[in-house]
Each structure stands twice: as structure tokens, then as C-alpha cells.
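Trainee: Protein chains in written order, with the working numbering: chain A, 19 to 614; chain B, 8 to 182. Where a beta carbon is used, it is the ideal one built from N, C-alpha and C, also for glycine.
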Amino acid sequence: MIETYTKPKVIVGLGSCGIAAGAAKTYDKLQKMLQEGTLDFELSRTSCIGMCYKEPLVEIRDKNSWVLYGDMTADKVEQTILKHLSKGQVDKENAVSARDFKATEEDFFDGQVKIALRNCGHIDPESLSEAEEHGAYQAIRAIFDKKISGAEVIQSVLDSGLRGRGGGGFPTGLKWRFAAQSENDEKYIICNADEGDPGAFMDRSLLEGDPHAVLEGMMIGGYAIGAQTGVIYCRAEYPLAIKRLNIAIAQAKEKGYLGKNPFGSEAFSFDIYVKEGAGAFVCGEETALIASIEGQRGMPRKRPPFPAVSGLWKKPTNINNVETWANIPWIIHNGPAAYAAYGTEKSKGTKVFALTGKIRNGGLVEVPMGITINDIIFKLGGGIQGGKKFKAVQLGGPSGGCIPAELGDTCVDYDSVNATGAIMGSGGMVVMDETTCMIDLAKFFLHFTQDESCGKCTFCRIGTKRMLEILERITEGKGKESDIELLENLAFQIKNNSLCGLGQTAPNPVLTTLKYFKAEYEAHIFDKKCPAKVCKPLLKYSINPDTCTGCMVCGKKCPTNAIDGDRKKVHVINQSMCIQCGECFNVCRFDAVIVE
Amino acid sequence: MRIHRIAQEKVNGLQPEADLTQLEALFTRYRNKSGSLIPLLQGTQHMFGYIPSKAFEMIAEETNIPVADIFGVATFYAQFRLHPVGKNVIKVCHGTACHVQNANSITDAIKGELSVKDGGTTEDGFFTLESVACLGCCSLAPVMMIGENTYGKLTGKASVKVIRELRKENSSNNQ
Ligand SMILES: Cc1cc2nc3c(=O)[nH]c(=O)nc-3n(C[C@H](O)[C@H](O)[C@H](O)COP(=O)(O)O)c2cc1C
Ligand code: SF4
Ligand code: FES
Numbered sequence: 019m020i021e022t023y024t025k026p027k028v029i030v031g032l033g034s035c036g037i038a039a040g041a042a043k044t045y046d047k048l049q050k051m052l053q054e055g056t057l058d059f060e061l062s063r064t065s066c067i068g069m070c071y072k073e074p075l076v077e078i079r080d081k082n083s084w085v086l087y088g089d090m091t092a093d094k095v096e097q098t099i100l101k102h103l104s105k106g107q108v109d110k111e112n113a114v115s116a117r118d119f120k121a122t123e124e125d126f127f128d129g130q131v132k133i134a135l136r137n138c139g140h141i142d143p144e145s146l147s148e149a150e151e152h153g154a155y156q157a158i159r160a161i162f163d164k165k166i167s168g169a170e171v172i173q174s175v176l177d178s179g180l181r182g183r184g185g186g187g188f189p190t191g192l193k194w195r196f197a198a199q200s201e202n203d204e205k206y207i208i209c210n211a212d213e214g215d216p217g218a219f220m221d222r223s224l225l226e227g228d229p230h231a232v233l234e235g236m237m238i239g240g241y242a243i244g245a246q247t248g249v250i251y252c253r254a255e256y257p258l259a260i261k262r263l264n265i266a267i268a269q270a271k272e273k274g275y276l277g278k279n280p281f282g283s284e285a286f287s288f289d290i291y292v293k294e295g296a297g298a299f300v301c302g303e304e305t306a307l308i309a310s311i312e313g314q315r316g317m318p319r320k321r322p323p324f325p326a327v328s329g330l331w332k333k334p335t336n337i338n339n340v341e342t343w344a345n346i347p348w349i350i351h352n353g354p355a356a357y358a359a360y361g362t363e364k365s366k367g368t369k370v371f372a373l374t375g376k377i378r379n380g381g382l383v384e385v386p387m388g389i390t391i392n393d394i395i396f397k398l399g400g401g402i403q404g405g406k407k408f409k410a411v412q413l414g415g416p417s418g419g420c421i422p423a424e425l426g427d428t429c430v431d432y433d434s435v436n437a438t439g440a441i442m443g444s445g446g447m448v449v450m451d452e453t454t455c456m457i458d459l460a461k462f463f464l465h466f467t468q469d470e471s472c473g474k475c476t477f478c479r480i481g482t483k484r485m486l487e488i489l490e491r492i493t494e495g496k497g498k499e500s501d502i503e504l505l506e507n508l509a510f511q512i513k514n515n516s517l518c519g520l521g522q523t524a525p526n527p528v529l530t531t532l533k534y535f536k537a538e539y540e541a542h543i544f545d546k547k548c549p550a551k552v553c554k555p556l557l558k559y560s561i562n563p564d565t566c567t568g569c570m571v572c573g574k575k576c577p578t579n580a581i582d583g584d585r586k587k588v589h590v591i592n593q594s595m596c597i598q599c600g601e602c603f604n605v606c607r608f609d610a611v612i613v614e
Numbered sequence: 008m009r010i011h012r013i014a015q016e017k018v019n020g021l022q023p024e025a026d027l028t029q030l031e032a033l034f035t036r037y038r039n040k041s042g043s044l045i046p047l048l049q050g051t052q053h054m055f056g057y058i059p060s061k062a063f064e065m066i067a068e069e070t071n072i073p074v075a076d077i078f079g080v081a082t083f084y085a086q087f088r089l090h091p092v093g094k095n096v097i098k099v100c101h102g103t104a105c106h107v108q109n110a111n112s113i114t115d116a117i118k119g120e121l122s123v124k125d126g127g128t129t130e131d132g133f134f135t136l137e138s139v140a141c142l143g144c145c146s147l148a149p150v151m152m153i154g155e156n157t158y159g160k161l162t163g164k165a166s167v168k169v170i171r172e173l174r175k176e177n178s179s180n181n182q
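#1: Can you pull out the residues from the region 138 to 150 of chain B whose beta carbon lies closer than 8 Å to at least one beta carbon of chain A?
#2: Check the DSSP bridge columns for Met152 of chain B and list the partner residues they point to.
#3: Since Tyr71 of chain A meets chain B, which of its residues come closer than 9 Å, beta carbon to beta carbon?
#4: Would you mind stating whether Val300 of chain A and Ala211 of chain A have Cβ atoms separated by less than 8 Å?
#5: Taking all protein chains shown into account, do 16 or more other C-beta atoms lie within 10 angstroms of the C-beta of Val95 of chain A, making it buried, or fewer, making it exposed?
#6: Closer than 7 Å: is that where the CB of Pro334 of chain A sits relative to any heavy atom of ligand 2?
#7: When you measure from the CB of Val528 of chain A to every non-hydrogen atom of ligand 2, does any distance come out below 7 Å?
#8: Return the chain-ordered ranges of every beta strand (DSSP E) run that is complete within the region 77 to 123 of chain A and spans a minimum of 3 residues.
#9: Anyone know if the C-beta pair for Val385 of chain A and Thr368 of chain A falls short of 8 Å?
#10: Would Leu413 of chain A pass as a contact of Val449 of chain A if the rule is Cβ separation under 8 Å?
#11: If I measure Cβ to Cβ from Gly214 of chain A and keep anything under 6 Å in the same chain, skipping five residues before and after, which residues do I get?
#12: Compare the beta carbon distance of Thr374 of chain A and Cys145 of chain B with 8 Å and say whether it is the shorter of the two.
#13: In the DSSP assignment, find the unbroken alpha helix (DSSP H) run with Asp115 of chain B in it and report its ends.
#14: Three or more C-beta pairs under 8 Å: does that hold for the region 602 to 611 of chain A against the region 552 to 567 of chain A?
#15: Report whether the distance from the Cβ of Thr70 of chain B to the nearest heavy atom of ligand 1 is below 7 Å.
#16: Identify whether Asp289 of chain A lies in helix, strand or coil by the three-state DSSP scheme.
#17: Mark Asp228 of chain A as exposed unless 16 or more other C-beta atoms lie within 10 angstroms of its C-beta, in which case mark it buried.
#18: For Cys252 of chain A, tell me which candidate among A:Arg222, A:Gln269 and A:His230 has the shortest Cα-Cα distance.
#19: Whole alpha helix (DSSP H) runs in the region 532 to 583 of chain A with 4 or more residues, listed along the chain?
#20: Tell me whether Ile20 of chain A sits in a helix, a strand or coil according to DSSP, three-state version.
#21: Can you give the beta carbon distance from Cys518 of chain A to Cys572 of chain A, rounded, assuming they're within the 8 Å contact cut?
#22: What's the gap between the Cα of Val590 of chain A and the Cα of Lys551 of chain A?
#23: If you run the structure through DSSP and keep just helix, strand and coil, what is Leu382 of chain A?
#24: Would you list, in sequence order, the uninterrupted alpha helix (DSSP H) runs of no fewer than 4 residues that lie entirely inside the region 273 to 334 of chain A?
#25: Is Pro318 of chain A close to ligand 2? I mean its beta-carbon at under 7 Å from any heavy atom of the ligand.
#26: Distance check for Glu150 of chain A and Ile20 of chain A, CA to CA, integer angstroms please.
#27: Indicate whether Glu226 of chain A and Arg262 of chain A have their beta-carbon atoms separated by less than 8 Å.
#28: Give, in chain order, every residue of the region 523 to 556 of chain A whose Cβ lies closer than 7 Å to some Cβ of chain B.
#29: What's the call for Tyr155 of chain A, buried or exposed, on a 16-neighbour Cβ count within 10 Å?
#30: Keeping to the same chain, check which residues put their C-beta closer than 6 Å to that of Thr162 of chain B; ignore five residues upstream and five downstream.
#31: Please report whether the beta-carbon of Tyr84 of chain B lies at a distance below 8 Å from any beta-carbon of chain A.
#32: By the criterion of Cβ-Cβ separation under 8 Å, what are the contact partners of Thr127 of chain B in chain A?
#33: Could you check which residue in B:His90, B:Glu130, B:Pro149 and B:Asp131 has the C-alpha nearest to that of Val139 of chain B?
#34: Ligand 1 and Ile337 of chain A: does any heavy atom of the ligand fall closer than 7 Å to the residue's C-beta?
#35: Would a C-beta distance cut-off of 8 Å place Met387 of chain A and Ser417 of chain A closer than the cut-off?
#36: To the nearest angstrom, report how far apart Lys110 of chain A and Ala242 of chain A are at their CA atoms.
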């Protein structure tokens with residue numbers, strides 16, 4: 019890329035996560051510095067580069083070099099900028115990555131291969147010219163320049179081995195071929211940006227960071243299957259993504275990239291619009307999503323007919339996930355072999371994961387398929403927060419399952435992950451340490467799926483409710499010996515008698531925790547104990563007479579006055595009055611309160 | 008299924024009566040467009056913070072869709088509210104990442120501070136407390152959102168502080 023620098027460029031990461039960490043205030047502060055005129059630089063913005071744990075991020079770029087600084091809150095940024103720009107000294111303490119030296123967080127980027135996220139964190143997402151400098155719209159332009167046919171495009175996608183990144187992992191080229199084969203004058207392209215898995219934010223980041231990549235991917239897909247209209251179904255909880263998408267669409271229209279005969283094509287016309295979701299997890303399922311776009315309750319229907327035959331407004335429709343679309347221009351531009359060079363035999367290319375939970379380096383990583391879970395968590399992710407012990411990782415959200423630490427050597431590809439009972443899913447990776455109770459987690463997911471079930475199938479609607487009730491009583495210490503068998507039985511029935519993926523996968527979190535953490539279930543049911551000390555009704559608080567100083571702080575804090583004791587005398591908790599709220603444990607400065 | 012969401016409109020007398028004539032502009036925008044029911048409901052909620060029961064009838068008349076069907080759509084999606092809400096809606100994230108990082112303690116702390124239940128509105132109509140699934144800032148968990156602002160890496164105490172500051176700002180603005 020050719021960039022001309024007359025003055026240094028200061029770039030603030032303004033993704034949703036950056037803004038939540040205070041990046042907007044940092045930006046304002048820098049703007050004020052500019053107005054005051056003490057320093058001369060060009061202020062710019064970009065989106066999330068994936069290093070969410072060091073937000074707000076500020077990059078300083080000049081002719082020869084660049085340095086990325088982390089934790090740049092408004093109160094810290096001035097000092098670092100002054101040091102760097104007027105004194106010419108790098109603030110090494112806050113530098114997280116740099117071109118010319120090994121900064122503190124270099125490990126996070128080593129081992130990553132950015133294809134889908136190629137421009138995220140590098141361009142101003144609201145500037146079409148910056149996107150084009152970084153290669154946007156070159157692939158679609160080449161298609162028309164070289165007169166590549168739709169069938170050839172589909173063949174390239176097939177050859178790349180790309181599989182759907184929305185969770186199912188269906189070969190994308192094959193899906194396109196089906197849609198191309200359906201004869202109809204009117205066809206649709208849909209981008210699934212519903213991102214329902216709570217704990218995953220790859221799609222949000224991509225849309226906020228590089229909306230033109232998604233638009234270009236959809237255009238290529240539209241050309242390949244013969245569609246005229248693209249719809250992006252984006253969840254309403256992502257206002258910034260929706261805003262940037264609309265800006266990008268307007269820019270593309272203005273340039274003539276969208277609309278009639280773009281890039282000198284003769285027969286191709288394509289338009290894209292954004293449809294806002296209204297908050298229903300099941301609308302991520304393709305037939306429910308289509309119903310929702312049509313303005314109905316988002317309830318899945320039976321397939322076949324598949325959307326490729328009868329989709330939106332009963333016309334042939336091709337649905338892909340945001341990340342799938344973002345990969346397409348890269349594949350066309352660099353060739354399918356370049357993409358297939360990454361990954362394993364059956365899972366090609368790269369995958370973006372959202373690392374969250376008890377991980378030190380929470381954020382977004384894009385890695386080649388086939389890397390192990392341990393490598394992601396310990397090499398890129400920096401291990402567990404506070405040096406605690408890695409217990410398990412949840413893949414695939416509510417439809418997925420947890421993989422225990424013992425299986426940390428599992429390769430991340432579709433087949434190896436499925437073999438553990440979890441699924442690859444859309445890329446949420448929630449890391450858990452020894453303080454997470456697996457039954458509480460299973461209960462959390464069941465609560466979610468139970469709430470989000472559309473209600474069409476009896477087993478999904480009522481079965482999940484019954485399972486949730488059983489898990490609730492187990493975590494309350496009222497579990498029965500027969501409960502484990504009952505859970506397994508219900509899980510089996512729900513899996514086999516549900517219409518859509520939501521019901522078919524809802525029992526997965528319970529089944530995998532039962533498989534790998536049965537002892538924890540048994541401790542709850544038989545010993546009435548929660549080993550992770552999470553399930554409140556199973557906890558017993560007491561005071562260690564050897565360390566209690568009689569400071570009386572806990573007694574004042576206890577909401578039920580369950581703690582007896584005078585000044586300088588050992589305190590005692592009256593168990594019949596204790597409600598296990600844990601206040602005394604939190605306030606004790608002498609670690610004298612014991613939880614069991 | 009979200010059975011608990013199906014309930015009658017309660018007006019607590021604090022909100023001014025919604026001026027439904029505003030809806031006309033929205034209707035003109037979407038007239039004769041297919042699949043416009045959800046955008047109409049979203050537009051209505053954007054204006055009033057909830058969907059007043061009168062608005063259901065007006066949308067039915069406008070679109071020729073039976074009220075029952077519209078009600079069916081509105082209760083299906085988590086976004087739509089059938090009750091008026093407070094001036095500031097506090098959305099505490101209870102997605103997986105936030106749950107693992109103890110989002111419950113945030114909701115508990117706010118419940119205690121405001122003396123409301125989850126989903127409830129304070130007596131002065133200033134705050135409504137809600138739970139949502141994932142705001143997409145999972146790496147900053149636990150997270151909450153008030154209006155357009157997102158607050159990350161919270162603790163119970165920190166969330167209460169945010170709320171008290173908002174109240175303070177409001178009362179100093181009113182003076
Ligand atoms: C309950 C349920 C929720 C889903 N949620 C999403 C989602 O949020 N995002 C997504 O891309 N796909 C989701 N899917 C998968 C879609 O149905 C569909 O397979 C996908 O969008 C196809 O795109 P792909 O082939 O590019 O992955 C979901 C499926 C089910 C059954
Ligand atoms: S499995 Fe559940 S969510 Fe899917 S269609 Fe049946 S009831 Fe609805
Ligand atoms: S889980 Fe709370 S923001 Fe994603």
C-alpha cells in the first residue's frame with residue numbers, strides 16, 4: 019500500500035469494545051490537543067484490531083515505523099503522545115506491538131493469520147478510499163475485467179474448501195451451486211449477521227471494522243448465483259455495525275459499485291439493504307430468519323424445500339454468515355489454493371474466535387484451522403486470569419459443549435471438535451477456570467435456549483423447561499439420584515424430536531458437562547456441595563476462630579443479622595438465619611470467613 | 008418461549024400520554040412495502056419507548072394485518088415492550104461471557120440500589136432495569152449499557168456508582 023506521510027498519523031481504535039473502554043474520550047482528548055496546536059499530527063480512527071484486553075488502543079504511524087499503544091485512556095494518552103511525537107521517544111511501557119522492536123504483547127499476534135479480518139484495525143471503516151487502498155473491490159473488478167463466469171467463481175469457492183462460518187460448516191461452494199441451479203429471474207443473497215451466540219462478537223467486529231469486505235463478498239455471491247438483491251440481517255443490539263454498514267452501502271452506491279451494471283458489467287445489477295433484527299436467537303436459523311425479514315414471527319419451517327430452492331419471498335436464496343462473506347473477496351483475489359494452503363484436510367483456511375471469560379488476553383483472534391485449543395488459550399490468549407487453573411472451554415455457545423482441560427490438545431477443526439461432543443459453532447470461546455461451576459453453566463445455557471425456543475416443537479418447548487427445572491433443583495441441593503438418568507433421557511428425546519438446530523443442539527451443554535464433569539454433578543446431588551463454590555444454597559459460611567479479630571465489620575454488613583459477636587471476640591454465624599449472600603466473606607479483611 | 012412477556016399495558020401515570028399522530032410519518036415511509044411490520048413496530052417503539060396498545064390498532068388498520076397477528080409478532084421478539092419504560096433503560100448483559108464473570112452481582116447490586124425487580128421501573132420513572140443477552144463487548148465482561156453508553160469491566164460497586172452519577176447529573180441539570 020502506498021501511503022504518503024507529511025505528518026505522523028495518530029489512529030484511535032473506535033470499535034464498540036474500544037468505545038466501551040473509553041476510546042471516544044481518548045479521541046476527544048486528542049482532538050483537543052490538535053486544536054490547542056501544541057503538536058501537529060493527523061488524527062484518524064479505525065476499528066477493533068482484536069486486542070480488546072488492551073483497549074483503548076492508539077497507533078502512531080509515520081514514514082518509517084509504527085507503534086501500537088494499549089490502555090490509552092484519556093488521562094494517559096497525552097503523556098504518551100507527547101513523549102513519542104515531541105521527544106521522539108517510544109513509551110515502551112505502554113507499547114503493545116511495534117514494527118521495530120518486540121513490544122509487550124507481540125505474542126498475541128504471533129501465530130495469527132488474518133484473512134477475514136485482514137483490514138480490521140488497519141483502515142478507517144467509514145472511508146471507502148482507505149478500504150480501496152487496502153484492496154477492497156479488486157476481486158469483483160477482476161471478475162468483470164477478465165470476464166470470469168459465475169460457474170468459474172463457484173468452482174473457485176469450492177476449490178478453496180471454504181465451509182460456512184455461521185456454525186453449520188456446510189461447504190459454501192456447494193451451497194452456491196444449488197442456488198445457481200435454481201431457475202428463476204428473481205433470487206436473493208442474505209448475509210446472516212444475527213450473531214445470536216451470547217459470548218461471540220466476531221461478526222460485529224468485522225462489520226464495524228471492514229463493512230466493504232462483506233458487501234464485496236455478497237456482490238460476488240450475487241453475481242455467481244444470479245441474484246439481484248442482497249439483504250443483511252443484523253441484530254439490533256449492534257447499532258454501530260448497522261450505522262457503518264449503511265454508510266458503506268451509501269458510499270458503494272454513490273461510486274456506482276452497487277446498482278445497475280457496476281464495474282462495466284453488462285448484465286449484472288445488484289443492490290443491498292440492511293434489515294434490523296428484533297431480538298430472537300432462533301432468527302439466526304435460516305428459515306426463521308427469512309420469516310423474520312418477511313415480517314412474521316421468526317419460526318423455523320421444515321426443509322426441504324431449502325432456501326436455495328424457495329427462500330425469501332419464495333424465491334431461490336443463498337444465506338451465508340458474515341465471516342463467510344468476508345473471506346470470499348480474498349479467495350477470488352488470491353486464488354483458492356492460497357486459501358486451502360491453510361488448515362487441515364477437511365477444514366481449510368482460517369477461523370476467527372472470540373476469546374472471552376477467564377482468559378488473560380480477551381479479544382478476537384484469527385488462526386489457521388488445526389491449531390490446538392491449548393495453543394490458542396496459552397500462546398495467544400496468555401493463559402488464565404490471575405494465574406488460576408484452566409478448567410474447560412465452551413465452544414459453540416448454547417448449541418455447543420464444553421471441552422475439558424484434559425482435551426486441550428484437540429485440534430480446532432470441524433471434525434475433531436465434533437468428536438468431543440462440542441461443535442465449532444460460530445467461534446465463541448468462553449474460557450472457564452476452577453471457579454466456574456459446570457452445572458451452573460449448563461443451567462445458564464438451558465435457561466437461554468428454553469427462553470429462546472420458538473415453541474413450535476413440543477420437546478424443544480417443554481423438554482428444555484423440564485431439563486432446566488431439574489438443573490435448578492440440583493443447584494439448590496434438592497437433586498435426586500435419578501436426576502442424571504432423567505436428564506440423559508430427556509436430552510435424547512429433545513435431540514431427536516426437534517425440527518431445527520436450536521432444539522436439536524439445546525441439550526449439548528448438559529450432555530458434555532455430564533460426560534466430562536460427572537463427579538461435579540454427583541457432588542451436588544449426593545454430597546450437597548458445589549466444588550466451585552458458586553451455587554449459593556449449597557454453601558456454608560462459618561468463621562475461623564483462629565483468624566477472627568472481632569472487628570465487627572461482618573456483623574454490620576450481614577443483611578439478616580445472622581452474625582453474633584462482640585468487639586474483640588470471635589464471631590459466630592447463626593446457620594439457621596444465614597442466607598448465603600456472601601457479604602461477610604467479601605468484607606472480611608482477615609480471611610476469617612470460610613466457605614464450604 | 009417468552010410467555011412471561013405477554014401482559015397488559017400498565018400506565019403508571021408518570022409518562023405523558025403518547026401522541027400517536029406522530030405515527031403517520033412512519034406509516035408514509037413504509038406504505039406498500041413488503042415485510043414492513045417489524046420496521047413499523049421498531050419505529051413505534053423508537054418514538055415512545057414501548058408500543059402503546061392504541062398503536063397496535065392503528066398499525067392493523069394501516070397494514071390490514073389483524074391485531075392478533077401483530078400482537079403475535081410483537082410478543083415473539085425480545086426487543087418489543089408493551090409497557091412504558093423509565094427515562095433511562097439499564098441493560099445488564101447476561102450473555103455467557105458476562106455470566107461467567109459474575110453478571111448476577113451487577114444485577115443484584117442495581118436491584119438493591121434502585122429497589123426494583125429485573126424488568127421493573129423505579130417509582131420516579133427515571134430508571135428501568137433489564138437483562139439482555141450479549142452486547143458484543145464480551146471481552147470487557149461484565150458489561151452494561153445505559154442509553155448509547157456501554158460500561159465494561161464492572162463490579163457491583165462500580166455499576167451503582169454509574170447510576171448515582173447519572174442521577175446526580177440529572178438533578179443538577181434540572182436546577
Ligand atoms: C438456532 C440457530 C441459530 C443460528 N444462529 C446463527 C447466527 O447467529 N449467525 C449465523 O451466521 N448463523 C446462524 N445459524 C446458522 C444458519 O442457520 C445458517 O446455517 C448459516 O447462516 C449459513 O451460513 P454459512 O453457511 O455461511 O455458515 C443458526 C442456526 C440455528 C439452528
Ligand atoms: S426445535 Fe425449538 S426452536 Fe426449533 S422449531 Fe422446534 S420449537 Fe422452534
Ligand atoms: S456476554 Fe456480555 S457482552 Fe457478550
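Mentor: So, to answer that:
#1: Val139, Ala140, Cys141, Leu142, Gly143, Cys144, Cys145, Ser146, Leu147, Ala148 and Val150
#2: Position 145 of the second sequence, counted from the start, is the residue given in the question as residue 152 of chain B. According to DSSP, Met152 of chain B bridges with B:Lys98 and B:Thr157.
#3: Here residue 71 of chain A refers to the residue found at position 53 when the first sequence is read from its first residue. In chain order: Ser146 and Leu147.
#4: Numbered from its first residue, the first sequence carries residue 300 of chain A at position 282. Numbered from its first residue, the first sequence carries residue 211 of chain A at position 193. No, the pair does not count as a contact, with Cβ atoms beyond the cut-off.
#5: As a working note, residue 95 of chain A is residue 77 in the first sequence. Flag for Val95 of chain A reads buried.
#6: Walking along the first sequence from the start, residue 334 of chain A turns up at place 316. For ligand 2, not one heavy atom lies less than 7 Å from the Cβ of Pro334 of chain A.
#7: The residue you call residue 528 of chain A lines up with position 510 of the first sequence. Result no, Cβ not under 7 Å from ligand 2.
#8: 84 to 87 and 113 to 116
#9: To locate residue 385 of chain A, count along the first sequence from 1; it is residue 367. To locate residue 368 of chain A, count along the first sequence from 1; it is residue 350. In this structure, Val385 of chain A lies near Thr368 of chain A, with their beta-carbon atoms less than 8 Å apart.
#10: Residue 413 of chain A sits at position 395 when you count from the first residue of the first sequence. Residue 449 of chain A sits at position 431 when you count from the first residue of the first sequence. No.
#11: As a first step, residue 214 of chain A must be located in the first sequence, where it is residue number 196. Correct list, in chain order: Phe299 and Gly302.
#12: Walking along the first sequence from the start, residue 374 of chain A turns up at place 356. Walking along the second sequence from the start, residue 145 of chain B turns up at place 138. A contact, by the Cβ cut-off of 8 Å.
#13: Here residue 115 of chain B refers to the residue found at position 108 of the second sequence. First-last of the alpha helix (DSSP H) with Asp115 of chain B: Ala110 to Leu121.
#14: yes
#15: Position 63 of the second sequence, counting from 1, holds the residue named residue 70 of chain B. Flag unset: Cβ of Thr70 of chain B not near ligand 1.
#16: For this step, residue 289 of chain A is matched to residue 271 along the first sequence. Three-state result, Asp289 of chain A: strand.
#17: Here residue 228 of chain A refers to the residue found at position 210 of the first sequence. So Asp228 of chain A ends up on the buried side.
#18: If you number the first sequence from 1, residue 252 of chain A lands on position 234. Among A:Arg222, A:Gln269 and A:His230, the Cα nearest to that of Cys252 of chain A belongs to A:Arg222.
#19: Segments of the alpha helix (DSSP H) lying fully in the region 532 to 583 of chain A: 536 to 543 and 571 to 575.
#20: If you number the first sequence from 1, residue 20 of chain A lands on position 2. A caution first: Ile20 of chain A carries a pLDDT of 45, below 50, which makes its placement in the model too unreliable to give a value.
#21: For the purposes of this step, residue 518 of chain A is taken as residue 500 along the first sequence, with counting starting at 1. For the purposes of this step, residue 572 of chain A is taken as residue 554 along the first sequence, with counting starting at 1. Contact doesn't hold; Cβ gap of about 51 Å is too wide.
#22: As a first step, residue 590 of chain A is located in the first sequence; it is residue number 572 there, counting from the start. As a first step, residue 551 of chain A is located in the first sequence; it is residue number 533 there, counting from the start. Each residue's alpha carbon lies about 21 Å from the other.
#23: The count along the first sequence starts at 1 and reaches residue 382 of chain A at position 364. Three-state DSSP puts Leu382 of chain A in a strand.
#24: As far as the region 273 to 334 of chain A is concerned, its whole alpha helix (DSSP H) runs of at least 4 residues are 304 to 311.
#25: The residue labelled residue 318 of chain A in the question sits at position 300 within the first sequence. At least one heavy atom of ligand 2 is nearer than 7 Å to the Cβ of Pro318 of chain A, so yes.
#26: Locating residue 20 of chain A in the first sequence gives position 2, counting from the first residue. Locating residue 150 of chain A in the first sequence gives position 132, counting from the first residue. Here Ile20 of chain A scores only 45 on pLDDT, less than 50, and its place in the model should not be relied on; the value that follows carries that caveat. Rounded to the nearest angstrom, the two C-alpha atoms are 11 Å apart.
#27: Taking the first sequence and counting its residues from 1, the one referred to as residue 226 of chain A is at position 208. Taking the first sequence and counting its residues from 1, the one referred to as residue 262 of chain A is at position 244. With a cutoff of 8 Å on beta-carbon distance, Glu226 of chain A and Arg262 of chain A are scored as near each other.
#28: none
#29: Along the first sequence, one-based indexing puts residue 155 of chain A at 137. Buried, since its Cβ has 16 or more Cβ neighbours within 10 Å.
#30: Position 155 of the second sequence, counted from the start, is the residue given in the question as residue 162 of chain B. Closer than 6 Å at the Cβ level, and outside the excluded window around Thr162 of chain B, lies no residue.
#31: Taking the first residue of the second sequence as position 1, residue 84 of chain B is located at position 77. Yes, its Cβ sits closer than 8 Å to a Cβ of chain A.
#32: Numbered from 1 along the second sequence, position 120 holds the residue referred to as residue 127 of chain B. Here the sequence assigns Gly to residue 127 of chain B, which means Thr is not the residue at that position. Neighbours of Gly127 of chain B on chain A: none; closest Cβ ~18 Å, over 8 Å.
#33: Looking up residue 139 of chain B in the second sequence gives position 132. Closest by alpha carbon: B:Pro149.
#34: Along the first sequence, read from residue 1 onward, the residue named residue 337 of chain A stands at position 319. Yes; taking the cut-off as 7 Å, the Cβ of Ile337 of chain A has a heavy atom of ligand 1 nearer than that.
#35: Here residue 387 of chain A is taken as the residue at index 369 of the first sequence, counted from 1. Here residue 417 of chain A is taken as the residue at index 399 of the first sequence, counted from 1. In this structure, Met387 of chain A lies away from Ser417 of chain A, with their beta-carbon atoms at least 8 Å apart.
#36: As a working note, residue 110 of chain A is residue 92 in the first sequence. As a working note, residue 242 of chain A is residue 224 in the first sequence. One C-alpha to the other measures close to 49 Å.
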